[in-house]
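Asker: Per this note's numbering, the sequence shown starts with residue 341, numbered consecutively. For glycine and all other residues, C-beta sits at the position ideal for the given N, C-alpha and C. Would you mind keeping the following structure in view while I ask a few things?
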Amino acid sequence: MIRVNEKLIMMVVPFWMDLGTSIFYLAAPLVVIELGGNPVELGLIGTITASVHMVLANLVGRLSDRLGRRVLIVTGPLIFGTSCVLMTQTGEVKGVLALAALNGISLAIFWPPFQAWIADLQAGAHLARNIGSFNMSWTASHLIGPTLSGFLFGLHPRLPFLVAAVLSFLLFFLMRASVNDRSPQPEKGREPFPLEGEESDGRRNFLYAIWVANFASWFILGNVRFQFPKLARELAIGSHMIGLLISCIGLSQFLGFFLLRGSDGWHFKKSYLLGAQLIAASALLLIFSFSKQLIFASAFLMIGLCSSLTYYSSLYYAVRLLKKKGKGTGLHESILGSGVVLGPILGGVVAHSAGLRAPYLLSLAILVGAVATELGLTKRRSI
């Protein structure tokens, strides 16, 4: 059985796992549309997955601190691959929604322990770079996954799920052979940031502000990924082009993570956060106002850049400032999961009642509220 070293696992596995999920979650809304699903049902795909993920992620993260990472990490791809196989046999919207719940279990079991496992590999100054490599890996899959899914869906509606299943089962065998539990590495040298219970009020409040910002980012992403295909179909945009447009998010996230990985100048800087959110607000107005594919692509690139900053910050600060890394990654995943829970379903409700552009005005309102909350959390300290 093939076994690879830990550093290669850190680079390859996030790409591999998210390639399967990005294939699935472009094809699943298209299947629901073909089955006659409405915008609320489209939103429920993301909301159900994220609800289960949100509820379980924090619990699983803490569990991995006690029982170890390996068994949870290995189980995740096995469950997801099983869901993909079952998806090839589903002919009703209710079946798709039931499998969305199973996917939530698989993702909650996999991601928090895997992120904590990465944090265990290297402490101190190299932690930020390891997290940057991890981020670049999973976003690279979003450059390929939606485009590949759209192409496969054009050949046969069930083909994307077969490909995702094969990827997941292969990943299960690779992880089973290659991943072992390990103790967290001791810190070397001076502690750049204080740990839980020692951090200043300013840094603690900034962590809370970042969590609010990341919630807003994933609320927006949930709307784009699960509501945009319906709008695109109404505008006579084909499945291939829908996949390419959604891939623009992955492209800009990848570039954003690459730039952030190479510098620490953005750490705890409010100006970077607010600037990124201003870009996202402009993108939402573009999606609401225009119908050109080039405009959509530009808007998705802008949204991806904002989410790259909030995601990187949320994960890095969580594992850097909290002693128990499983707890930190669990909180990170649960908070972003709550954005994906509420975004698609609330977007679906307003799309059903006020039109297919309404989710982007709703997302803008959430973003404005998030910025106001962040300013309230950070106003006492200049960061």
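1. For residue 674 and residue 397, which I take to be in contact (beta-carbon distance under 8 Å), what is that distance rounded to the nearest angstrom?
2. With a cut-off of 8 Å, does the C-beta of residue 391 fall near any C-beta of chain D?
3. Can you name, in chain order, every residue of its own chain whose Cβ lies under 7 Å from the Cβ of residue 430, other than the five neighbours on each side?
4. Residue 416 to residue 357, Cα distance in whole Å?
5. If we call anything under 8 Å between Cβ atoms a contact, is residue 543 one with residue 608?
6. Rounding to the nearest angstrom, what Cα-Cα distance links residue 566 and residue 453 in this structure?
7. If you run the structure through DSSP and keep just helix, strand and coil, what is residue 473?
8. So is residue 530 buried or exposed if we call it buried at 16+ other beta carbons inside 10 Å?
9. For residue 683, count the other beta carbons within 10 Å of its own beta carbon; 16 or more makes it buried, fewer makes it exposed. Which is it?
10. Apart from the five residues on each side of it in sequence, which residues of its chain come closer than 8 Å, Cβ to Cβ, to residue 414?
11. Under 8 Å, do residue 614 and residue 472 count as touching if we go by C-beta distance?
12. Only counting runs of 4 or more residues, tell me where the alpha helix (DSSP H) segments fall wholly within the segment 606-646, in order along the chain.
13. Any idea what DSSP makes of residue 593, helix, strand or coil?
14. Under the three-state reduction of DSSP, which class applies to residue 496: helix, strand or coil?
15. Closer than 8 Å is the cut-off here; do at least three beta carbon pairs connect the segment 398-406 with the segment 705-714?
16. Is the distance from the Cβ of residue 548 to the Cβ of residue 662 below 8 Å?
17. What is the rounded straight-line gap between the Cα of residue 349 and the Cα of residue 381?
18. Helix, strand or coil: which one does DSSP assign to residue 663?
19. Suppose contacts are defined by Cβ-Cβ distances below 8 Å. Is residue 482 in contact with residue 448 by that definition?
20. Tell me the DSSP secondary structure of residue 587 in three-state form.
21. How many whole angstroms separate the CB atoms of residue 643 and residue 711, which I take to be in contact at a CB cut-off of 8 Å?
22. For a minimum of 4 consecutive residues, which ranges assigned as the alpha helix (DSSP H) are wholly contained in the segment 550-588?
23. Thinking just about the alpha-carbon of each residue, which of 700, 466, 585 and 476 is nearest to the one in residue 594?
24. Name the two residues that bound the continuous alpha helix (DSSP H) containing residue 460.
25. Would you report the Cα separation of residue 419 and residue 390, rounded to the nearest angstrom?
26. Taking just the CA atoms, how far does residue 425 sit from residue 558?
27. Can you look up residue 689 in the DSSP assignment and give me helix, strand or coil?
28. Considering only the beta carbon of each residue, do residue 369 and residue 385 sit closer than 8 Å?
29. Where do the N-terminal and C-terminal ends of the alpha helix (DSSP H) with residue 372 fall, by residue?
30. Residue range of the alpha helix (DSSP H) that residue 519 falls in?
31. Does the distance from the C-beta atom of residue 639 to that of residue 627 stay below 8 Å?
32. Report yes if the CB atom of residue 653 is closer than 8 Å to the CB atom of residue 550, and no otherwise.
Answerer: Here's the rundown:
1. 5 Å
2. Given the protein chain composition of this structure (a single chain), no chain D is represented.
3. 436 and 439
4. 9 Å
5. yes
6. 27 Å
7. If DSSP states are grouped into helix, strand and coil, residue 473 belongs with the helices.
8. Confidence in residue 530 is poor, its pLDDT being 41 and thus under 50, which makes the residue's placement unreliable; the coordinate value appears in the next sentence. Looking at its Cβ environment, which holds fewer than 16 other Cβ atoms inside 10 Å, residue 530 is exposed.
9. buried
10. 512, 515, 516 and 519
11. no
12. Along the length of the segment 606-646, whole alpha helix (DSSP H) runs at least 4 residues long occupy 610-629, reported in chain order.
13. helix
14. coil
15. no
16. no
17. C-alpha separation (whole angstroms): 36 Å.
18. Looking at residue 663 - three-state DSSP - the assignment turns out to be coil, as it is neither helix nor strand.
19. No, they are not a contact pair.
20. helix
21. With a Cβ gap of about 15 Å, residue 643 and residue 711 do not count as contacting.
22. none
23. 476
24. 433-461
25. 16 Å
26. 27 Å
27. helix
28. Yes. Within cutoff.
29. 346-374
30. Judged by DSSP secondary structure, residue 519 falls outside any alpha helix (DSSP H); it is assigned neither H nor E.
31. For residue 639 and residue 627, yes; Cβs fall inside 8 Å.
32. yes
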